[in-house]
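Counting from 638, one number per residue, gives the positions in the sequence shown under the numbering used here. Idealized CB from N, CA, C, for every residue including glycine. Structure first, then comments.
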Amino acid sequence: ALKLFNVESSKPDMKQLKYMLAFDIDKLLVNINSVTGEATPSYILGGAVLARRLLSAAGHCVRIIVALRDPCSRAYSHFNMTADSNGTEAQKKRRGKVAGKTFDEIINDDLKALEEINLHPKMD
């Protein structure tokens, strides 16, 4: 059975196969006991909950590599994605918060929200 990226199936569907082709599967299969995957950066906000899940899934001999993009270019990329007028109705509905706002307005709104709950330091 194939077990990569939480796919446990002897016959993964086409969407799963297309996704897995983005990775060098031959190198990932060198050690059949390896558990490999990827996730959105927001998953690391899970803290202790995430750590417990990783330990239960992979044991104590775990090496975790976290690669993050430049936060400014990541924020701008995310803004462009959510401001895009293309997509399903559900996607467009979730983007409603961004509709009609500039990148600067979104950043200022986020900074204000963080300040209101005392999570944003003053950066003079």
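Item, Value
"Residue from 700, 715, 698, 699 with nearest C-alpha to residue 706", "715"
"Beta-carbon gap between residue 735 and residue 720 smaller than 8 Å", "yes"
"Of the listed residues 704, 666, 699, 697, nearest to residue 679 (C-alpha basis)", "704"
"Cα-Cα separation between residue 745 and residue 688, rounded to whole angstroms", "32 Å"
"Identity of the residue in 666, 667, 691 nearest residue 676 by Cα", "691"
"Sequence-distant residues of the same chain with beta carbon closer than 6 Å to residue 732, five excluded per side", "719"
"Opening and closing residue of the alpha helix (DSSP H) in which residue 660 lies", "That residue, residue 660, is in no alpha helix (DSSP H); it is neither H nor E in DSSP."
"Span separating the alpha-carbon of residue 739 from that of residue 717", "10 Å"
"DSSP-derived helix/strand/coil call for residue 705", "coil"
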